[in-house]
Each structure stands twice: as C-alpha cells, then as structure tokens.
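Below: the structure, in structure tokens.
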Amino acid sequence: MSSIAFIGLGNMGAPMANNLIKAGHQLAVFDLVPGAVNSLADAGARAATSAADAVRGAEVVVTMLPASKHVEALYLGQDLLGAIDPSALVIECSTIAPDSARKVATAAQQRGLAMIDAPVSGGTAGAAAGTLTFIVGGEADNLARAMPVLQAMGKNIFHAGPAGAGQVAKICNNMLLGILMAGTSEALALGVANGLDPKVLSDIIAKSSGRNWATELYNPWPGVMENTPASKGYAGGFGVDLMLKDLGLAAEAALSSRSSIPLGELARNLYSLHSGDGSGKLDFSSIVNLYTHKTQ
Ligand code: NAD
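According to UniProt numbering, the sequence shown is numbered sequentially starting from 1.
Structure, rendered in structure tokens:
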C-alpha cells in the first residue's frame, strides 16, 4: 500500500480519493474548499493544510483539478514539483490542454520526477463505483508503476502514447460526447414536441441505431432515468463549463493540426450559449433546456 497525496476533491476527486482509502492506501488530501477536505478526513484521510503539506512524504501524488491554468499554477506557479520527493510518481488526472500536460511533464522530468497524464472517462458514477477509464500519456515504465493506484479507481486503463497523448485522446472522446449529448437532447425534444412520451422514446432509441452513452446511462430528460443529474435538477455530474472547456481544447487542437471539426465547433457554440444563460455550473446534460422551452 502506498502513501498518496490527493489534491482536488471536487465531483470527481472526492469519490476517487474515497476508493483509494477503501483499497487500503494512506491518503493526505487537500482542496481549496475546506468542507471537501473535512469529508475525506471523516473517511480516514489526513487533512493537509496546503498542497505542499499534502505531498510531504508521499510516494504518489494525484491531482484532479478543473483546467490547465489550475494545473500549471499548482505545479509550476506554486512550484509544487519542488516540494515532491524525487522518488515519487505524479499522476495528473485533470482534463487539460496536451501542451500544458507536456509542459508540466517536462518540468517534472527535469527534476527527475516520474509523471504521467491520466485523464479519465466515466463520469461521477464511474468515479464512485471505481470503474473509470484512464487514458494515459507518458512512459510505459511509469504507467506500470501507477497501475495499482489506477486499478483502485478504474477498470479500463489505456496507454495512448507519450506525454500529452492521454489528453489528446480524452479531448477527442469528449468532443464526441458533447456532440452526442446535444444530438440526443435535440432528438428527444423533437419527439416530445410531436406528442411522444420522453421515456418511451428513450427506450426505443436505447434499443435502436441512435443509441449512445446518453440514452444508455445518462439520459438528459428529467425523470426518464433514476440517479442521473437530469433527475436531480442537473446538480453534480459534469459541469457545462467543463464541457465548454473540453470543446475549446478540441478547437485548439483542430487549429494547430489544421483539422476540420464542424460538429465539434457547433457543439461548442451550443454549450457556450447555454452557459451564457447562467447554466455553467449545471450538469452538461442540461443542454436539453436549450431545446425544450416550447415543449416542457
Ligand atoms: P470540480 O470543479 O467539481 O472539482 C475541482 C476541484 O479542484 C474543486 O473542489 C476545487 O476547489 C479544486 N481546486 C482547484 N484549484 C485547486 C488548488 N490549487 N488546490 C487544491 N484544490 C483545487 O471538477 P470535477 O468535475 O471534479 O472535474 C475535475 C477534472 O476532471 C476536470 O478537468 C474535468 O474536466 C475532468 N472530468 C470530469 C468529469 C465529470 O463527470 N465531472 C468526468 C471526466 C473528467
């Protein structure tokens, strides 16, 4: 069992840290929100007073932060890398720009630290159940060292390639997710506007050629599926602003590689309009509200 510093205890980080505790690891945790630290302390973690305090003596450091700027500010701006034991392994799980991941990984390497980017897929339910998919960029030896820690939080672990590759794969996945959630919302709203029951239509699509992750596990229509953010006022889950960030990362990656992403760009504009309505903190499946002003 390892001593692990876990920094960033939000919708994803808190349940992931909980699973590491359940697997028998010793955790020191830190978040800017004291309540988040206290909840994990109640579950058996050491409540650290700062990120630097959390990494003291840690063999493994895991971070789960909102975006590139938070990751760069912590590791480089606050020089957290300088506070980590050189023999430790750093596992960065946030979804960030591939260039940011490479920048931090290079700085870590210069200090002799092993680091991988390991963004996740599977949502808050996957984080709670310990069934996340990890999409890893970095050296194979470092991934091998990370395996016991990743396996306590996830089920499928992929090596996408060198540093930053995990982020590229994650961005491609989330662009598709954003498109599929908007498309599913559009289809359901069309059906309801034409007299269908949203549950009946969802059941039909879930067993037909339009089925996807949203219709199977994360239906955007309130009341159609239990325990989804849609059935809890779109609280928790994966925020609209986080989806907007990921679609922005996809747009940057498309510009730098001269790729065309017309549907990804359209989805980014839809989530941007939706966020502008004050919905940025709601779960991203609330995009259905853009379509339903006439039908609900
Ligand atoms: P969140 O906003 O709920 O949590 C982020 C946490 O980081 C917050 O508690 C915040 O206080 C903390 N934080 C920010 N800066 C910090 C600092 N300097 N030190 C300590 N703590 C700090 O976000 P989330 O939903 O948990 O997502 C985290 C990451 O995972 C994002 O990059 C997101 O894109 C990605 N992700 C989220 C989901 C999801 O379903 N929510 C799924 C896959 C990937």
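Every residue gets a Cβ at the ideal spot worked out from N, C-alpha and C, and that includes glycine. Computed from a predicted structure; not experimentally measured.
Between the stretch 186-204 and the stretch 161-169 there are fewer than three C-beta pairs closer than 8 Å, too few to call the two in contact. In the three-state DSSP reduction, His70 falls in the helix class (H, G or I).
The stretch 260-269 makes no contact with the stretch 200-219; the number of CB pairs closer than 8 Å stays below 3. As the crow flies, the alpha-carbon of Ala206 is around 49 Å from that of Pro86.
The alpha-carbon separation between Arg56 and Ser285 amounts to approximately 39 Å. If you draw a straight line from the Cα of Gly137 to the Cα of Ile287, it comes to about 31 Å.
Taking 9 Å as the cut-off, the Cβ atoms of Glu139 and Lys103 do not count as close. Assignment of Asn19 by DSSP, reduced to helix, strand and coil, places it in the helix class.
A residue is called buried once 16 or more other Cβ atoms fall within 10 Å of its Cβ, and Asp283 is buried on that count. Cβ-Cβ distances below 7 Å link Ala128 to Pro15 in the same chain, with the five nearest sequence neighbours on each side left out; the list follows chain order. In this structure, ligand 1 has no non-hydrogen atom nearer than 8 Å to the beta-carbon of Pro98. By the criterion of a C-beta distance shorter than 6 Å, Asp117 is surrounded in its chain by Glu92, Ala101, Gly137, Gly166, Gln167, once the five residues flanking it on both sides are discounted.
Spatial neighbours of Leu150 in its own chain (CB-CB distance under 7 Å, excluding positions within 5 residues in sequence) are listed in chain order as Ala118, Phe134, Ile157.
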